[in-house]
Every structure is written in structure tokens, then in C-alpha cells.
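**Q** Got a structure for you, written out below as C-alpha cells; questions coming shortly.
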Amino acid sequence: EERPVQAREANPAMTSADRPIGFGRVQRKEDPRFIRGKGRYLDDIVLPGMLYGAVLRSPLAHARIVSIDTTEALAHPKVHAVITGKDLEGLNLAWAPTLSADVMAILATDKVRFQGQEVAFVVADDRYSARDALELIDVEYEELPPVIDARRAMDPGAAVIRDDLEGRTDNHIFDWEAGDAAATAAVFARADVVVSEEVVYPRVHPAPMETCGAVADYDPIDGKLTLYETTQAPHAHRTLYAMVAGIPEHKIRIIAGDIGGGFGNKVGIYPGYVCAVVGSIVTGKPVKWVEDRSENLMSTSFARDYIMQGEVAATREGKILAVRTKVLADHGAFNATAQPTKYPAGFFSIFTGSYDLEAAHCSVTGVYTNKAPGGVAYACSFRVTEAVYLVERMVDVLAAELNMDPAELRLKNFIRPEQFPYPNKTGWEYDSGDYEPTMRMAMDIAGYPELRREQAEKRARGELMGIGVSFFTETVGAGPRKHMDIVGLGMNDGAEVRVHPTGKAVVRLSVQTQGQGHETTFAQIVAEELGIPPEDIEVVHGDTDQTPFGLGTYGSRSTPVSGGAVALAARKVRDKARAVAAAMLETRPEDLEWEKGRFYVKGDPSVGKTIQEIALGTHGTVALPDGVDGNLDAEVTYDPPNLTFPFGAYICVVDVDPGTGKVKVRRFVAVDDCGTRINPMIVEGQIHGGLADGVGMALMEFIGFDEQGNCLGGSFMDYLIPTSMEVPDWETGYTVTPSPHHPIGAKGIGESATVGSPPAVVNAVVDALAPFGVTHMDMPCTPARVWEAMQGRPTPP
Ligand code: CDP
């Protein structure tokens, strides 16, 4: 068993001699293509005769459409078609189902409900003409009062946003709860200490480097639609297009090429995709649509927007007894949140954190507002980010109340290793964990006691240094079909492994990488199981005509679900290879031993057959045993028995400029545990990226609105994302607590750092401001907010 090891490895130069066959620091197979600029992203696709589409968007947040006049745009010499909601109505495509049992407008027919909503689609010879023609469309709007503040959405006089829904008289979407309200109330009633705080996770955006887009190519002769898309879930998209547009599923091919980042932004089906398809059908030519940066930020999905009332009950000695929260969730104009059907608040109920509690209860109310729809799982497993931020902020609020060290308070309350599998109080079963060594390692790397001493000295001099701690547990790998589906599709994934006669292999996946390195790591899983070097294994994904069905990549589910499928498919191949090897060696299968890449006769290791020899034998003339056919191929659809529960300990050190309120992240220590690590280099890369993202959300990322509903975060001038200047050199370590139910013991890692880091940064900022009596502040901790928090309070000693 691998025990917790502290690692601050530099990436060693690799020679062919020490290149691992299986798990290890294999360099990314996809990188030669990326670093030479040879990636094939959506906008690189150019088809013969291709036309270009552009979307006309609403300038208003809430207005009735009186009329749309497209005459002038249609007269533009380079325009081929102008499509409006009325045209789509004729095709029954003006409205489409969302991922959350609501409907959303593809092109507005009756009203516009958020600034940036899609109103019309122009198809022209080139991108510029399409954009020019948008300005020739004349839309007459009758303005309506917008609902911008979610807290006002249920006011008696609030405008009803969704009057398209029969009988609708308010902006309420759903109420949902988890845990035991009465038991939790009883614990709160007898607790020595109760702390409460309103914690807001603001509206943020995944902002991937590549924006969303599609190239639709409908062939009117054979009725086949080939759709190139920026999608994280090609198979699910194919099924949904078949169900909604009525095109037979076998006549739809979705191709997702290289994708420049997804982070949840590329899960849903956007109006632009559907318009490109309709444009291609109408014009008989391929149509490309690619949104620009502002369109992406303003309309193509947001994340978070949770207003959370958090409460913690504890003893005076610091034993946490129960947590409770009421959440107001702002879902925008259409409930298009991506999550499994039974979970309207995603996996938010993991807000019980890493602590052994007596009771917990959460309730979530979703409301409509005149803002863009979305609620995507932005680098997190369906609202896990919100949950972790809430509990980790609240534990610090409790630490301040009890005047206890926040790291010590956490150590005192962790679920103990012998309690796993741990049933938490809201219905999850944490698969495995050993939290204390992970926390201690982070404190070790950080030099925690020395940091506290340094802080005390600096405080005495009036300097503002903060130390923030967070410890998170995620629930990733959706998921077991008995518990979850998305729009009725079970959340399982297929994998197919084929070993060619010469011993090279191909693995076909239902999941779709967006930069995570699947071409390398999924080859490594096959390599680990079969002993074929990773460079001899081709990974095929992102093309529904070439890969088995599955639900795609988001919520760090590729490794927990598809990783399991691949390992099991490879094991099926190995079982087959054993039977063939026995025939070749004229012995019984049970008399063979396996070493990576080779079966040999028990007791005589010199007599054996390599996997390559067996492959040739299987496809060759070896007399095959009964029931074994002449290939080394296997296919598995994996239904995981549970999700996986990665965890980690993060410590952030900040310095705050007392004159300007500017926060500098000086150090950041991250110790993660994702069970078995397939490729430690890729795991570290995932963590580095997620940490940068977390620092961004904590300090600068924010999609705000003015009272009229104008989006204030619609460009990178306003929506700030961190650069290398704003982040420190990450200090990482790891522990390994394998998942007991996953075929290779691996848990997801893709989103851990985005989930775990915002509370560490905010806790550090609040800690720096403690001398001013500050116990909480909302993200993003911009200089203005920090400076404001310092005003009118006692100056530090
Ligand atoms: O679903 P997604 O690929 O975004 O997330 P993931 O399953 O957490 O995997 C992210 C990347 O890290 C993939 O290339 C995985 O193969 C790799 N990984 C790993 O090497 N070891 C793990 N225990 C988990 C992920």
C-alpha cells in the first residue's frame, strides 16, 4: 500500500529508458500537436462552401417584442438567410427543453428575458457580412421592469418573468432540501455556541480560452447531419438533437475536436448550435457559428449565484455538532442548470464537509431573474464548489467566535479513518479518507507555527498578513444509475479496447477531453493493465460515429466513470489473452502467472508469451479454446457503485496593502488526495490550473449587473482573470487513499483545486483583516472591498 508521501517533485526529464509502462509521469501525447500550433479547434474547421452565422442579441434585460423587421438584412447582397423565433416556431424549435426540466427560448418569440438573449440569426458569405447584417434588423421592444436582485424575485409586485409557462404567477422555480430539519434543530437548540453568517458565492463564468461554436453540415441527400461542436458531452448531445429536432439518431454525427477548455461551459446545447443546424438545413450549405468573448461571458452560461445563510452549532470546546443552511439560488431567466435530475441543487448537500457531525440540514430555493441562464458546474461536480466554500468559511467564523486556531479546529472535527465508508447526514457515503495526515502535511510544508509567529510579529508592527486554511471533501464521478441521470439518460460510460495483431492497441472513449490529457492517461490505464507501452495505444474520442455511448466529461467524472470502464475492458482483454496464452503454451489458464505485459508458466518464468505474441497468436492460426473468438477486443459500459470522494488541505498566505486594500497571495500550499494517481505530472497540472482559477474567483472574477440588468462583466476588461502575475509558485504535496470501489482506486482530481482554493484565499484575507474586527467578507475580495472593510474600524495596534 502506498502511504502518504510528501512530494514537491520537479518534473524530471524523461529518457526512453525510464518511461513508465503504466502509471507515472508520462509526457503528454497531445502536447507535440498543441505546442506546434497544430491543434484542430472548432474555428480551424473550414468546409467547402461554408457560410457563417451571427446572432442578434437583446440589448434589454426584460422587454416584450412588438415586431421584428428583417427586410433590410435579407436584402444585404451577402446574406443567405435570416432566421427569427417565428421561423423556428414553424419547425417546433423556438423553444427547447433544458437540462433541468424547464424550456428555454432558442430565438425569442414573445419577450426577451435577459440582456444578450438570442433574437435572430443571420447566415452570410462571411463572418463580417453576417455581423453587418445584424445591424439591419429592426426590432421594436416594449420595455418591462426587470427582476435583477434574487432577493426581490419573490416580492408580491415583482414582474413575472416566465409568463410563457401556463398559470405562472411568480418567479419561484423549486424548493429542495436534504438532511433532517428536526434533528438539526434539536442539536442547535442544545448547542453551547451557534454562529451564523450570510455567505454569497457570486455569479462567475468558466471563461474557457476557446469560446463556444459549431459547424453544422446537413446533407439533404442522405439526411445526415454532421455537427462539429465545442462540447464536453458529444453522445448526450446527439441523443438530445434526435429527441428535440426529430432527426433520427443514427443520422447525426457529433464531432468534438480539440477543445480549448470547457470547465462546464461546454456541457449544454446553446441556441447558436441549433441555429447553425437550422441555417445549414435552410441554405443547404455548411454553416459555422462561433461566439465572441462578450457573447460567451454575457449569455453562454454562468455559474454559482448562491446566497447562503450558514449556521454552525458547536460545543464551547470546539466540537462541531451540526450545520444548517438556507440557500437562495439565482437561476436566471431559464432553469438550464446542468445536474442530475434528482438534484436541483446539484451535489450541494456535500456541505457537511470533512467533519463528523450529529446532524445537518440544507434547503435551497431556486428563483428566476432577468439574467442569463446557466448554473453550470463550473470546474466542480454540480455545486460542490458552493458547498465547500460555505462550510469552510463557516468553520473559520466559528474559529473566530471560539478564539481557536482554524487548523486545530478542523483537526479536532475530522471524520476518523476507521469511520469510512462514512455515511454523512445528507445521504452520501464517503468512500475513503484519511484526513489528518493530509492536513498535517500541508501544515508541515507551510511551516504553520512559524507562519503564525511571523503574523503576530507583523501585526504588532501594523502589517496585514493573513493565513487561510481550508479542508475539502468532494463528491465526484456522477454516477450510479440507481441514483442519477441527466434528462433521463443514465450516467454510465462505455469503453472499448482493441489490440491489433501486432500488439498495438486502440481505446475508444465516450468522454471528451478539453485539455485534461486523456490521450495520455487513458492510454496509461490500458498500459498498466496490459503492459503495452502507452505510446503504442491510440486514444479515440470526441466522435460519436467512432466511440461507444456515454455521458461525457464534466464534474471530474472521466476518471471515476470512464477510467473504470477502460480498466475493466482491458481486464477482459487480459482474461482472453490468458486463455489464448494457455493454448499457445499448451497449459491450463489457471497455471499461468501475469506480470505486466506477459503470461508465464507458474514455477517456470522463462516459459511465457508476451501480450504482443498473444495478440498475433489470437489473430493468427492458434487453435482457440472454446468460447474465445479470434480477436483481443472488449467493450464495457461501467455503472459505478458509488461516487468518489477526493479531498485536500490548502493553506494560503496573503499580504494586504493597508493603503490600497490590494491582496497579494504570497504562498499557497496544496496537498491533494485523489487516490491512485495515473499520471502525477498531469494531476499536478490540473491542480495548478485549478488553484489559479480559485485565486481568480476569490480576488477578481465577478459577473455583476446594474439595476436595468446590464451585464457588467461582459469583457475581459471587466471580468478579470488571474495571470501569472497574480499567482505564487504553488507548493504541492499529496497523499494516496485509494477509492475502495474503483477498479484502479482512482478518484477524480480535475476540479479539486477550484473547489478547495477560494475558501483558503478568502479565509486568509479575513484573517489579515481580523485586527479590524472583520469576520467575513464576500468574494471577490477586490482592493475596493478590502479597503472598505478596513474603514471605520479600529486601526490595528
Ligand atoms: O473528467 P475530467 O477529465 O475533467 O477529470 P478527472 O477525471 O479528474 O481527470 C483529469 C485528468 O487527470 C485526466 O487526464 C486524468 O486521467 C488525470 N487523473 C490522474 O492522472 N489520476 C487521478 N487519480 C485522477 C485523474
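Heads up: the sequence shown is residues 290 to 1086, going by the working numbering.
Quick reminder that beta carbons are idealized off the backbone N, C-alpha and C, glycines included.
#1: Within the structure, which residues are defined as neighbours of ligand 1 by a Cβ-heavy atom distance below 6 Å, reported in chain order?
#2: Are there 16 or more other CB atoms within 10 angstroms of the CB of N659, so buried, or fewer, so exposed?
#3: Given this structure, state the Cα-to-Cα distance separating P706 from V911, to the nearest angstrom.
#4: Using a Cβ-Cβ cut-off of 6 Å (strictly less than) and excluding sequence neighbours within five positions of D944, which residues of its own chain qualify?
#5: Could you give the first and the last residue of the continuous beta strand (DSSP E) run that contains G599?
#6: Count the other CB atoms, across all protein chains shown, that sit within 10 Å of the CB of G283; report buried if there are 16 or more and exposed otherwise.
#7: I'd like to check one pair, A496 with E518: are the Cβ atoms closer than 7 Å?
#8: Can you find the residues in the same chain that come closer than 6 Å, C-beta to C-beta, to E487, ignoring five residues on each side of it along the sequence?
#9: Short of 8 Å in beta carbon distance, which residues of its chain neighbour G722, apart from the five on each side in sequence? Order them along the chain.
#10: So the alpha helix (DSSP H) G1002 belongs to, where does it begin and stop?
#11: Measure the C-alpha to C-alpha separation of A442 and S356 and round it to an integer number of angstroms.
#12: Classify Y430 as helix, strand or coil using the three-state DSSP reduction.
#13: One question on the structure: do G338 and K574 come within less than 7 Å of each other, judged by their Cβ atoms?
#14: Decide if T515 is buried, meaning its Cβ has at least 16 other Cβ atoms within 10 Å, or exposed.
#15: In angstroms, rounded to a whole number, what distance separates the CA positions of P301 and C1000?
#16: Between D782 and K1036, what straight-line distance do the alpha-carbon atoms span, to the nearest angstrom?
#17: In the structure shown, what three-state DSSP assignment does R742 receive?
#18: Are G550 and M498 closer than 7 Å when you measure CB to CB?
#19: Which residues does DSSP list as the beta-bridge partners of I609?
#20: In the DSSP output, which residue or residues are listed as bridge partners for H650?
#21: Helix, strand or coil for G937, going by three-state DSSP, please let me know.
#22: Would you kindly report the start and end of the unbroken alpha helix (DSSP H) that includes W1076?
#23: I'd like the list of long-range same chain contacts for D619, defined as Cβ closer than 6 Å, with 5 residues on each side in sequence excluded.
#24: Taking the alpha-carbon of D464 as reference, which of S652, V796, K608 and T949 has the nearest alpha-carbon?
#25: Are three or more beta carbon pairs between the segment 324-333 and the segment 832-839 nearer than 8 Å?
#26: Excluding five sequence neighbours on each side, which residues of the same chain lie with their C-beta closer than 6 Å to the C-beta of T520?
#27: Rounded to whole angstroms, what is the Cα-Cα separation between R292 and G964?
#28: To the nearest angstrom, how far is it from the Cα of L345 to the Cα of P537?
#29: Using the Cβ count rule (16 or more neighbours within 10 Å means buried), how would you classify P1086?
#30: Between the alpha carbons of A904 and T926, how many angstroms are there, rounded?
#31: Could you check where the beta strand (DSSP E) with P386 kicks off and where it finishes?
#32: In the structure shown, what three-state DSSP assignment does G568 receive?
#33: Under three-state DSSP, which class holds T268?
#34: Quick one: what does DSSP say S588 is sitting in, helix, strand or coil?
#35: Kindly indicate the opening and closing residues of the beta strand (DSSP E) around P894.
#36: Is it right to say K898 is buried, meaning 16 or more other beta carbons lie within 10 angstroms of its own, or is it exposed?
**A** So, from the listed chains and residues:
#1: Q805, G806, H807, T810, T842, S845, R846, S847, T848, C963, G964, T965, R966, I967, N968, I971, V972, Q975, A1035, K1036, G1037, I1038 and G1039
#2: Walking along the sequence shown from the start, residue 659 turns up at place 370. Result: buried.
#3: In the sequence shown, counting from the first residue as 1, residue 706 sits at position 417. In the sequence shown, counting from the first residue as 1, residue 911 sits at position 622. Between P706 and V911, the C-alpha separation is close to 51 Å.
#4: For the purposes of this step, residue 944 is taken as residue 655 along the sequence shown, with counting starting at 1. Excluding positions up to five away in sequence, the list reads M754, K953 and R955.
#5: The count along the sequence shown starts at 1 and reaches residue 599 at position 310. Counting along the chain, the beta strand (DSSP E) containing G599 begins and ends at A592 to A603.
#6: This structure does not reach residue 283, given that the chain is present from 290 up to 1086, and the question cannot be answered.
#7: On the sequence shown, position 229 is the one that residue 518 refers to. On the sequence shown, position 207 is the one that residue 496 refers to. Cβ atoms of E518 and A496: not closer than 7 Å.
#8: Along the sequence shown, one-based indexing puts residue 487 at 198. Excluding positions up to five away in sequence, the list reads Q598.
#9: Walking along the sequence shown from the start, residue 722 turns up at place 433. In the same chain as G722, and ignoring 5 residues on each side of it, the C-beta atoms closer than 8 Å to its own belong to S643, I704, P706, F709, Y711, T762, F934, F936, D962 and T1026, in chain order.
#10: Position 713 of the sequence shown holds residue 1002. Run containing G1002: none; DSSP gives neither H nor E here.
#11: Sequence index remark: in the sequence shown, residue 442 carries index 153 (1-based). Sequence index remark: in the sequence shown, residue 356 carries index 67 (1-based). A442 and S356: Cα-Cα distance of roughly 28 Å.
#12: Locating residue 430 in the sequence shown gives position 141, where the first residue counts as 1. Three-state result, Y430: strand.
#13: Counting from one through the sequence shown, the residue named residue 338 turns up at place 49. Counting from one through the sequence shown, the residue named residue 574 turns up at place 285. It is a contact, given that the beta carbons lie within the stated cut-off.
#14: For the purposes of this step, residue 515 is taken as the residue at position 226 of the sequence shown. So T515 counts as buried.
#15: Numbered from its first residue, the sequence shown carries residue 301 at position 12. Numbered from its first residue, the sequence shown carries residue 1000 at position 711. Only weak support is given to the placement of P301: the predicted model assigns it a pLDDT of 49, under 50, and the value that follows is read from those uncertain coordinates. Straight-line Cα distance between these residues: approximately 46 Å.
#16: On the sequence shown, residue 782 is found 493 positions in, with the first residue counted as 1. On the sequence shown, residue 1036 is found 747 positions in, with the first residue counted as 1. If you take the alpha carbons of D782 and K1036, they lie about 16 Å apart.
#17: Walking along the sequence shown from the start, residue 742 turns up at place 453. It is helical.
#18: Taking the sequence shown and counting its residues from 1, the one referred to as residue 550 is at position 261. Taking the sequence shown and counting its residues from 1, the one referred to as residue 498 is at position 209. With respect to M498, G550 sits close: the two C-beta atoms are nearer than 7 Å.
#19: If you number the sequence shown from 1, residue 609 lands on position 320. Answer is A603, bridged to I609.
#20: Position 361 of the sequence shown holds residue 650. Paired residues: G468 and R613.
#21: For the purposes of this step, residue 937 is taken as the residue at position 648 of the sequence shown. Looking at G937 - three-state DSSP - the assignment turns out to be strand.
#22: Working through the sequence shown from its first residue, we reach residue 1076 at position 787. P1072 to M1079 is the extent of the alpha helix (DSSP H) around W1076.
#23: Residue mapping note: residue 619 aligns to position 330 of the sequence shown, counting from 1. Same-chain partners within the cutoff: A439, D594 and T658.
#24: Counted from its first residue, the sequence shown places residue 464 at position 175. The option with the nearest alpha carbon to D464 is S652.
#25: The segment 324-333, when compared against the segment 832-839, does not touch it at the 8 Å Cβ threshold.
#26: To locate residue 520, count along the sequence shown from 1; it is residue 231. Contacts found: H526, A545 and K555.
#27: Sequence index remark: in the sequence shown, residue 292 carries index 3 (1-based). Sequence index remark: in the sequence shown, residue 964 carries index 675 (1-based). Reliability of the predicted coordinates at R292 is poor, the pLDDT of 45 falling under 50, and the value obtained from them is presented with this limitation in mind. Cα to Cα, the separation comes out at about 11 Å.
#28: Indexing the sequence shown from 1 puts residue 345 at position 56. Indexing the sequence shown from 1 puts residue 537 at position 248. Spanning the two alpha carbons is a distance of roughly 30 Å.
#29: For the purposes of this step, residue 1086 is identified with residue 797 of the sequence shown, where counting begins at 1. A caution first: P1086 carries a pLDDT of 40, below 50, which makes its placement in the model unreliable, though a value can still be read off. So P1086 counts as exposed.
#30: The sequence position of residue 904 within the sequence shown is 615, counting from 1. The sequence position of residue 926 within the sequence shown is 637, counting from 1. Roughly 23 Å between the two C-alpha positions.
#31: For the purposes of this step, residue 386 is identified with residue 97 of the sequence shown, where counting begins at 1. That run of the beta strand (DSSP E) goes W384 to P386.
#32: For the purposes of this step, residue 568 is taken as the residue at position 279 of the sequence shown. G568: helix per DSSP, three-state reduction.
#33: With the chain running from 290 to 1086 in the structure shown, residue 268 is simply not present.
#34: For the purposes of this step, residue 588 is identified with residue 299 of the sequence shown, where counting begins at 1. Helix, per DSSP.
#35: Taking the sequence shown and counting its residues from 1, one reaches residue 894 at position 605. D893 to T899 is the extent of the beta strand (DSSP E) around P894.
#36: In the sequence shown, residue 898 corresponds to position 609, counting from 1. Buried, because 16 or more other Cβ atoms sit within 10 Å of the Cβ of K898.
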